Amino acid sequence: MSGGATGGATGGATSGPAVPPGVHTAVHMTVDDAVGNRSPVVDDGVPPTAAQRRSAGPGPLVRHCGPLPLLAVGLLCALGAFAVERWWQAAGALAVQLLCLPLVAAGARALVLRSLPLLVAAVSVGWSTVLAGDSPDPLATALTASLRLLVLVLPGTVLLGWVDPAEAGDHLAQRLRLPGRVVVAVVAALGQLGTLTASWEQIAAARRVRGSGPGRGPVSRVRWSASTAFGLLVDAVRRAGRTAVAMDARGFASDGALRRSWALPAPWRRADTVLLLVGTAVAAVPLLLRLLVP
Numbered sequence: 002m003s004g005g006a007t008g009g010a011t012g013g014a015t016s017g018p019a020v021p022p023g024v025h026t027a028v029h030m031t032v033d034d035a036v037g038n039r040s041p042v043v044d045d046g047v048p049p050t051a052a053q054r055r056s057a058g059p060g061p062l063v064r065h066c067g068p069l070p071l072l073a074v075g076l077l078c079a080l081g082a083f084a085v086e087r088w089w090q091a092a093g094a095l096a097v098q099l100l101c102l103p104l105v106a107a108g109a110r111a112l113v114l115r116s117l118p119l120l121v122a123a124v125s126v127g128w129s130t131v132l133a134g135d136s137p138d139p140l141a142t143a144l145t146a147s148l149r150l151l152v153l154v155l156p157g158t159v160l161l162g163w164v165d166p167a168e169a170g171d172h173l174a175q176r177l178r179l180p181g182r183v184v185v186a187v188v189a190a191l192g193q194l195g196t197l198t199a200s201w202e203q204i205a206a207a208r209r210v211r212g213s214g215p216g217r218g219p220v221s222r223v224r225w226s227a228s229t230a231f232g233l234l235v236d237a238v239r240r241a242g243r244t245a246v247a248m249d250a251r252g253f254a255s256d257g258a259l260r261r262s263w264a265l266p267a268p269w270r271r272a273d274t275v276l277l278l279v280g281t282a283v284a285a286v287p288l289l290l291r292l293l294v295p
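Numbering (this note's numbering), first residue to last: 2 to 295.
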């Protein structure tokens, strides 16, 4: 991940709050360890942004885009889903979204893993609507509810996989001028959130080595999962405390942090404009179907 600020709290620095170096150091090390190498450095000595790393490797066209258009398109598609009133409107909007998936999906496996919980939720919503609904046509109502949920969540589910939290913090603070302290606090929290899976696996492996693995029965597995979740909560609280101490030690809460500079830029590229235009058109499909085909 990229982003953040490490500039000094001097009067000559450009305006803008700072991202604690420790936070982004941990973030960079996490990404580098995952891919097995260190981040390359461009000619001017500035490490590449997350978008530059994505562009260097294979993938769909959306890999060239920054976080702001990704977030904006996901939000627009979610808002457009509220225009769905009938099942065929949702089906038409979903068909358009599926046609655009090759431009944004990272791969078939990643798409299936991200979409599986969504499909389960859609089936659950439809089934509960059939059982508890009192409409004259419960099947059509259930189908509309299920498809509306897919139209609402699918774009954001796919696009958010490309959003780098630290890079998003850079763009939110520099381009949208959001309060730097709030942005950096959110980025630090998201960075901690990304380590929960690894922490769960480590805690589970340690408990199995000590002979505290789950039993074969469902009750035993539920108890084991609950106790493991408690250990994960304790570990997360400790990690959050260490992060808070590191941020305070680097002057994050001091008045001088308001005069620190941002380390990496937040450019707006042509690909961002293209994605925003295409995403706006896709988000408008439910409304157009509602207006043109009553």
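Beta carbons: idealized from backbone N, C-alpha and C, even for Gly.
All values reported here derive from a predicted model rather than from experimental measurement.
Exercise. Sorted by chain position, which residues of the same chain lie with C-beta nearer than 7 Å to P166's C-beta, five sequence neighbours on each side aside?
Worked result: Answer for P166: M2, V188, L191, G192, listed in chain order.
Exercise. Sorted by chain position, which residues of the same chain lie with C-beta nearer than 7 Å to L179's C-beta, five sequence neighbours on each side aside?
Worked result: Listed in chain order, the non-local C-beta contacts of L179 below 7 Å within the same chain comprise L173, local neighbours out to five positions each way being set aside.
Exercise. Taking Cβ positions, are L155 and L104 nearer each other than 8 Å?
Worked result: No, these two residues do not count as a Cβ contact at 8 Å.
For this session: Measure the alpha-carbon distance for G127 versus P268 and round it to whole angstroms.
Result: For G127 and P268, the distance between alpha carbons rounds to 43 Å.
Problem set entry | Endpoints, the alpha helix (DSSP H) within which V164 is located | Taken as a continuous stretch (DSSP letters only), V164 belongs to no alpha helix (DSSP H), as it is neither H nor E.
For this session: Within the same chain, show all residues whose beta-carbon is closer than 6 Å to that of A284, passing over the 5 residues directly before and after it, in chain order.
Result: Scanning its chain for C-beta atoms nearer than 6 Å, with the 5 sequence neighbours on each side dropped, one finds around A284 the residues L77, C78, G81, in chain order.
Problem set entry | Proximity of D236 and S213 at Cβ, strictly below 8 Å | No, the pair does not count as a contact, with Cβ atoms beyond the cut-off.
Exercise. Count the other CB atoms within 10 Å of the CB of L251; is the residue buried (16 or more) or exposed (fewer)?
Worked result: Residue 251 is actually Arg in this sequence, not Leu. Classification for R251: buried.
Exercise. So, are the CB atoms of T158 and A146 less than 8 Å apart?
Worked result: No.
For this session: Using a Cβ-Cβ cut-off of 8 Å, state whether A96 counts as contacting chain D.
Result: Included in the structure is just one protein chain, with no chain D present.
For this session: Quick one: grab the DSSP three-state call for E202.
Result: Residue state, collapsed to three classes: helix.
Problem set entry | Residue nearest to G232 in terms of C-alpha spacing, selected from T244, R243, A207 | Cα-wise, what sits closest to G232 is A207.
Exercise. Measuring CB to CB, does Q98 end up less than 8 Å from P287?
Worked result: In this structure, P287 does not lie closer than 8 Å to Q98 by Cβ.
Problem set entry | Cut-off 7 Å between Cβ atoms - residues of its own chain near A205, not counting five sequence neighbours on either side | So the list reads T229, once near-sequence residues are dropped.
Exercise. If you drop the 5 nearest sequence neighbours on each side, which residues of the same chain put their C-beta closer than 8 Å to that of G242?
Worked result: Nothing listed; no residue qualifies.
For this session: Starting from the C-beta of L277, find all residues in its chain whose C-beta is less than 8 Å away, skip the five residues before and the five after it, and write them out in chain order.
Result: Excluding residues within five positions, the ones whose Cβ falls inside 8 Å are P70, A73, V74.
For this session: Put D171 into one of helix, strand or coil per three-state DSSP.
Result: Of the three classes helix, strand and coil, the one that applies to D171 here is helix, per DSSP.
Exercise. So what does DSSP say about S129, is it helix, strand or coil?
Worked result: Here S129 carries a helix assignment [DSSP, helix/strand/coil].
For this session: Have a look at A14 and A107 and give me their C-alpha separation to the nearest angstrom.
Result: With a pLDDT of only 40 at A14, under 50, the local geometry of the prediction cannot be trusted, and the value read off the model is given with reservation. Rounded to whole angstroms, A14 to A107 spans 39 Å at the Cα level.
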